[in-house]
Every structure is written in structure tokens, then in C-alpha cells.
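Chains A and B, in that order, are what the protein sequence lines are.
Count along the first sequence starting at 1, add 669, and that's the number in the working numbering.
Count along the second sequence starting at 1, add 474, and that's the number in the working numbering.
Cβ atoms here follow ideal geometry from the backbone N, Cα and C, with glycine treated the same way.
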Amino acid sequence: MAVIPVSRQPLTLLERTYLPQIAGGLKTTLKHFFSPKDTMEYPEERPAIPAGYRGVPTLVFDPHGREKCVSCQLCEFVCPPKAIRITPGAITPDDPAAHVEKRPQEFEIDMLRCIYCGLCQEVCPEEAIFLQTQYSTTGHTRADFVNNKQKLYELGGTLPDAHFKWDKKKAAEEGGNAH
Amino acid sequence: MIAPTKPDLVTVNIDGKEIAVPKGTNVIEAARLVGVDVPHYCYHPKLTVVGNCRMCLVEMGMPAVDPATKAPVMDPATGKQKINWIPRPQIGCGTTASPGLHIRTQTPQIKDCREGVMEFLLINHPLDCPICDQAGECKLQEQATGYGRGYSRFIEQKNVKPKRTQLGPRVTLDDERCILCSRCIRFSKEVAKDDVLGFIDRGSHSTLTCYPGKQLANNYSLNTVDICPVGALTSTDFRFKMRVWFLKQTNSIDTESSVGANTVVWSREGQIYRITPRQNDEVNDTWMADSGRELYKQVRAADRLTVIKVGNLDSTLDMAVKAAGEIFKASAGAIAVVGSGRNSVEEQFLTKKLAEALKASTQLVSRAGTGDKILVSADRNPNTRGALVTGLISALPTQQLTGLAAAIDAGQIKTVVSIGEDLTAAGLTAAQLAKISIVYLGTHVNATSTAAKVVLPTYTVFEKSGTFVNQQFRIQKFAKAVPAPAGATDDLVILAKLATATGATVPTADLAAVWKTIAAEIPALGTISFNNLPDTGLLLDQTPWATLPFVEGETLHFKPAASAETRS
């Protein structure tokens, strides 16, 4: 291969002082120093979660404080990675929610398995399970990543309800077409 | 081409397909034979026809004949005999096939009828499928999907009825879900012969209830839950335990008596949730006793044996077999084997092999109860006849092992191998047990397992596959439903290892190999292998044992040989 000798230009006096280069670097630094920040002070600061975000699946209460889940186990059935495990339980006749008859005795979602697909929310006939805005799941052991019923209700809280299906059922039971 | 009709067959035309069916067949069954589904609720093949649900409406017609000349009236358009269709629909369940009967099930009129019936049934039916145990096996769900209109026009308030009535110790009634098909009432009256159920009140307020002061407490009450087409009658035991679509179905046999009712075991992830009957028209129709449905509870019982023990110390299978071999050697010639009428045919065969190798006497313990004339017989061993067929015993077993007790007292027997039998229950005293060395194979703790030198935990019927021979000498197979707990070993493996330890050659302990040997050595079972045995079982030739005085009385589909002779 042919070798082409290239003559190197000697540096000018200004270049030899390095001052323009330092000034140029400082300009870039100062521009970013005073421009708005792209990062945030996580975890003290939290990002705004957009609508429709699919976070950690949670269980919710209705505005009257009743567990909405009746443990029909459809989410357990539909869950692609089999992350959900429900132990169904009966509600005793002396309970205020006795007219619902059934609620989960235990409800576990393994967040190491969950793929945040949202099928559980889509399939739920009682509108009891929602993927809300919770996005951070941390823990030290594998067991820490299994959300049990208590944790799921803590994460879920109360959501508005449009139907009050079971309240209507109770009202009908008390004053309805009885014979 | 219409085949010439045999005298006991009638040819009917269903949706354009000709089929010859036995006389007396109704339209639903005839349609089933040509693969046409006629939806129905109240009709059940094993109960009387009442025709009150109106779901099985079909269009019906007969070939036209001239009233005067009786000559067939031909349709000039098609060149075939004209069909006179009845203008209004008829019920399929109450219509018996007659020669030339024509049925249409797919016309717009029938579609309208089905939609109408579905709409009426759903008017007062609660929409609580998410909590209803029947969801997934509910006729109303299936037929609402298949034949309903798909939406509701009903805006009024639904009727309110009792939601959790205890009809009996095992059955809970949700009256709002009831569609008043009366299957349960007919079952109680006709099959269980315990007429306690009935409807009270009229119209849409009709309510299923027990007669005052009575309960649905008979031993067949859970069959009403099985035949309930909706979720009205629920099993108190299974209620809210698990949704049915998670459950794996395994064919099994009810082991509570020698009837050998065919069953399905429903399990999920190694846990059994319920047992239901499986149709076998020669044995149990579609029924089984409640007592047989609770047998799965033995699988996870607290007193289940799960630790192999040698002289009260935990051990391993090989060490225990070695210890048993030493016991056998020390007491050679003074060994007795107590087999079990609860073991499968294969296990009884290997028990016989073991007894032959030990030159031991063999006996069985009988369990007698009272038969209920339906599906629980007097012989509470499911496989007494298997022991006869395999040659483990030649005479009928007794309830008390008096001969063995005397031999122990006389010092002639020093070692007893007990296969799941509690020797104290069979009449041996604690002092007699203390005199002998016991090798015990079994599933649960009892006085014999406590006194045994070697304890080898084995499988329950739900954890293994095998065959039983029932009171009709029908050989029926059951399959493994759930895995056995850690610590327990397959009976076949233990029996084969014990026999090998005494120097005998036995087939390897899997069903296929054992069946090869059984077929070769036992002429009555010569043509059978476990795999070619049909699900409904196979009748064996019972003449070699016809003279034995079996204890069973008459039950469903079974007449004891002796009483049949006196009748004829």
C-alpha cells in the first residue's frame, strides 16, 4: 500500500495558549448548567405517571369499603405467566357482606412472574383488579416479591364504582320481590 | 338409501338424516345418535320424563297418507312422500320415535322457541356466575351461549328467594338459581327411594324445599348436585373450594364396597377436590353414594404413614426390605401373609407370588356391612373377587382370623406380613401381636402398624393405577389421579422387592410387566392387558366361583346368583 506523507501544520500562537478551547468547553458546560434538568432526584422526586400506565396489579375496595374481588379465579386462569394464585373462601352469614357469599381467603401475585400484560384487569367481571401507577417493586428475597392479599389491597386502595352491583343485590334482598 | 328396518328398530329422520333406533327411544336420544344436540334441562336419561322445561322443542312431522285410500301422498316438487308437519313445536323428551317420524331442530321457529325459553329461564336467574360453583359446567351458561338471544330485555326487579338453605348435611340450596326442572325431586323419589323434596308456592315464586320435618340426608343426596343443570344445589363440601375448570379429571373406582361404582376424581396440583360418578350403564348408571365421595380425605389425613420404619427407627426402603428379608429367614416356615381385599388385582397377584416364595399361608379379612340395595353392597372390600381370580385365596374370607390367632398361640406362626390389614380389628389380641414379628404395608396408622417391626408406607387408590374385580366379576381399571406423598412407595414395588429378597423371580414392578405375567399365568385373565381394558370394564367368567356363598344382596344392576336361581 502506498504511503502518503502528510505535512502537519504548526500550531498558531492562539492555539498554543489553549484558551479558546477552554472557553468553548466552559460554554458547553455552563449551557447545560443553567438549562432545565432531564434527570430527577429519585426517589425523593417521582415522575408523573401517564394515564393508561400498566403498573403493578392491585386489588381495590369499592367506595363503601367492600372487597370487590369475589375470587372467581378468572384472572388466575387467564394469567399467561401463572403469577396469580387465589385461595377462595366463603363469607360467613353473619358478615356484613354476607350477600356476596364469596371472597378470596388469600390472593397472591408473584411479581417476579408478572409480565404486566393487564389481562387480569381485562378479564375481571367484578372490576376488582387494576394495574395502577405503582411501578417500583423491590425486595431482598424472592418471598418479598410475592404480593399477598393485604399488600394488594394496600397498593390498590379504593376506586370509584359505577355499578354497586352487590349493594343493589342487597337492597333487593331486603326490600325486593320477596314472597 | 334407507336400510330395511329390523323389527325392534324404527327409522326416523332427524334434520334430513335417517337413523334406525331401538323402539322406545325418545327424540333427544335419537338425535344424539346422529350427532344433533337437542338442548334440554329437565330430561335425564336415567329418570322419568316430565317435560316441564320446554327447552327441547322440535318440529315434528309424519309422512302424509291419503285418509281414504291410505296411499302415500307424494310431493310433486320433490317426488318424495309429502311430510305433514305439525304446525306447533313438540317436546323432544316426551316424544317416542315412531316409524317414519321426521324431526327438524334447526328451523327459525325452533330457534325462536329456544330463545324464548332461555329468556324466561333467565328472567329470575341471578347473574352471579363469578361466584357460582356451577360456572364452567352449567347447562344454563352453555345453552344461553348456544341458543340464547345474547342480551337481556328484562329491566324489572328479579325475584328474591332463599340463598343458602341447608337441605341436608351435605347439600346447600341456592333457590334463586333454581330453574324448577325437578330432576332432584325425581331422583330422590325414583332412585334414592327417599321422597323428601318438592316444590311449594306457585308460578315464579315456586321454591324447592324438603317436606316439613324431613331432610335430604340419604346416602345418595349428592347425586342431586350432579344432575342439577344449574348451580342451585351445591355440595357443602365442595362449595367455594375451587373452580371446576382448574380440575383434572381422572377415571377411578369407588372402593367403599364391591359394587365398584365408576367415578371421576377431580384434582388440581396433587390435591383432590371432589369425586363424582362416571356413567357405566352396567354398574352404577350415573350415580354413586355420598360415602364414596368422601374417601379422598384419606389422602391428606393426619394419620397417613409417610416414614419407612424398622423397629421404630426411620429407615430407607432398601434397608427395610433387607430387615424384612432377615425376619423371613429367621422364621422360615412359620410365616403367614394377610392379603387385602382392598388391594388391586396386580397387588394381589404379587402378594400371591410373595406368599409362594415364603411358603406362607395366605388369608384375607372380609369386611361385611349391610347393603343398601342401591350402590353399596354388603361386601365392603372392593376386590374380594380379585383375590379369588388371582388365586390368592380359594375360599371366601372371614371377618376374624381365628385360625391365624390359634396358630400364633401354638407357636406355628412367628412372622405375619400384613398388607394394609389391621390385625387387631381382625380379632388378634395385643399379646398375640407381641409374640410375632409383623411386616406391615399400609397407608394409615393403626394398632398393627404401631406394633410392626417393619413399616412400609404405601399408596392409596388415588395415587396408583390398577384394576378391581367387582361383585359382577367385572374387572374395572382405575388410574393415578395425584402423586403420592414423599416417603410412600408403590405397593407393587414393595411386594416385588420383598419377593426378590426371598429369592423369588417376579416381574418388574410396573403394570405392563405384571400384566404380561398375569395373562400368562391366570387363564381367566389371559386376553387382558391393562391398556386394552375398556373404561367400562370387562365381565369375567365366574363359573369357577359360582358355588361360593357371597354375602352381597341385590343392588342396582346386580342380582346375587343364589337368589336368581330361586327366582327362576
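Interface residues of chain A facing residue i [CB-CB closer than 7 Å]
i                 : result
isoleucine 782(B) : Going along chain A, no residue has its Cβ under 7 Å from isoleucine 782(B), so there is no contact; the nearest lies around 32 Å.
valine 699(B)     : Result: empty, since nearest Cβ-Cβ is about 16 Å, beyond 7 Å.
tryptophan 719(B) : Phe746
Below-8 Å beta-carbon distance, residue i vs any chain B residue
i                    : result
alanine 759(A)       : yes
valine 792(A)        : no
proline 762(A)       : yes
phenylalanine 646(A) : Outside the displayed span of chain A (670 to 848) sits residue 646(A), for which this structure offers no information.
phenylalanine 776(A) : no
phenylalanine 746(A) : yes
glutamine 819(A)     : no
glutamine 742(A)     : yes
Residue environment, residue i, which counts as buried when at least 16 other CB atoms sit within 10 Å
i                 : result
valine 672(A)     : exposed
aspartate 482(B)  : exposed
leucine 728(A)    : buried
serine 1043(B)    : No answer is possible for residue 1043(B): it lies beyond the span of chain B, which begins at 475 and ends at 1042.
glutamate 895(B)  : buried
asparagine 920(B) : buried
alanine 998(B)    : buried
tryptophan 719(B) : exposed
threonine 497(B)  : Note on identity: in this sequence residue 497(B) is lysine, with threonine being the wrong assignment. Lysine 497(B) is exposed by the Cβ-count criterion.
valine 563(B)     : Here the sequence assigns proline to residue 563(B), which means valine is not the residue at that position. With 16 or more Cβ atoms within 10 Å of its Cβ, proline 563(B) is classed as buried.
arginine 811(A)   : exposed
leucine 682(A)    : exposed
serine 1037(B)    : For serine 1037(B), the pLDDT reaches just 48, beneath the cut-off of 50, and the residue's location in the model is therefore unreliable, leaving the point undetermined.
valine 1025(B)    : buried
lysine 491(B)     : exposed
aspartate 777(B)  : exposed
leucine 838(B)    : buried
isoleucine 584(B) : buried
8 Å Cβ shell around residue i - same chain, five flanking residues per side excluded
i                 : result
methionine 475(B) : Summary for methionine 475(B): the model assigns pLDDT 42, below 50, so the residue's position carries little reliability; its value from the coordinates is reported in the next sentence. Cβ neighbours of methionine 475(B) beyond the five flanking positions: none.
asparagine 817(A) : Glu775, Phe776 and Glu777
isoleucine 718(A) : Gly724, Thr802 and Tyr804
tyrosine 822(A)   : Thr727, Leu728, Val729, Phe730 and Glu736
Nonlocal neighbours in the same chain, by C-beta distance under 7 Å from residue i, ignoring five residues either side
i                 : result
glutamate 1039(B) : Annotation note: pLDDT 43 at glutamate 1039(B) (below 50); position unreliable, coordinate value reported separately. Here the set comprises nothing.
cysteine 744(A)   : Ile753, Cys789, Val792, Cys793 and Ile798
glycine 843(B)    : Ala852 and Arg854
isoleucine 659(B) : Leu671 and Gly672
leucine 1022(B)   : Leu870
lysine 888(B)     : Ser805, Ala808, Ile910 and Ser911
threonine 780(B)  : Pro931, Pro959, Ala960, Gly961 and Ala962
8 Å Cβ cutoff, residue i in contact with chain A
i                 : result
tryptophan 740(B) : no
glutamine 615(B)  : no
arginine 638(B)   : yes
arginine 748(B)   : no
arginine 623(B)   : no
tryptophan 559(B) : no
Interface partners of residue i on chain A, CB under 8 Å
i               : result
arginine 713(B) : Ala759
Proximal chain B residues relative to residue i, where beta-carbon distance stays under 7 Å
i                : result
lysine 771(A)    : Ile605 and Phe714
glutamate 795(A) : Pro604
Contacts that residue i makes with chain B (C-beta to C-beta distance below 9 Å)
i             : result
valine 739(A) : Asp602, Pro604 and Ile605
Same chain only: Cβ atoms within 6 Å of residue i, ignoring 5 sequence neighbours per side
i                 : result
valine 913(B)     : Ala798, Val891 and Val928
arginine 578(B)   : Glu533
alanine 571(B)    : Val484, Val486, Val495, Thr499 and Ala504
arginine 735(A)   : Ala766
isoleucine 992(B) : Phe823 and Leu999
glutamate 795(A)  : Lys737 and Val739
**OP:** Indicate whether the contact test is met: 3 or more Cβ pairs, each with one atom in the stretch 972 to 990 of chain B and one in the stretch 819 to 830 of chain B, closer than 8 Å.
**Re:** yes
Original post:
Looking at C-beta atoms only, is the number of pairs between the stretch 916 to 927 of chain B and the stretch 1002 to 1016 of chain B that lie closer than 8 Å three or more?
Top reply: no
**OP:** Check whether the stretch 900 to 915 of chain B touches the stretch 684 to 703 of chain B, counting contact only when three or more Cβ pairs, one atom from each stretch, lie closer than 8 Å.
**Re:** no
**OP:** Answer yes if the stretch 931 to 941 of chain B comes into contact with the stretch 757 to 775 of chain B, meaning at least three C-beta pairs across the two stretches below 8 Å, and no otherwise.
**Re:** yes
Original post:
Within the chosen definition, does the stretch 740 to 760 of chain B reach the stretch 949 to 967 of chain B through at least 3 CB pairs nearer than 8 Å?
Top reply: yes
Original post:
Should the stretch 611 to 619 of chain B be called in touch with the stretch 549 to 564 of chain B, which here means at least 3 C-beta pairs below 8 Å?
Top reply: Flag = no, the stretch 611 to 619 of chain B and the stretch 549 to 564 of chain B do not touch.
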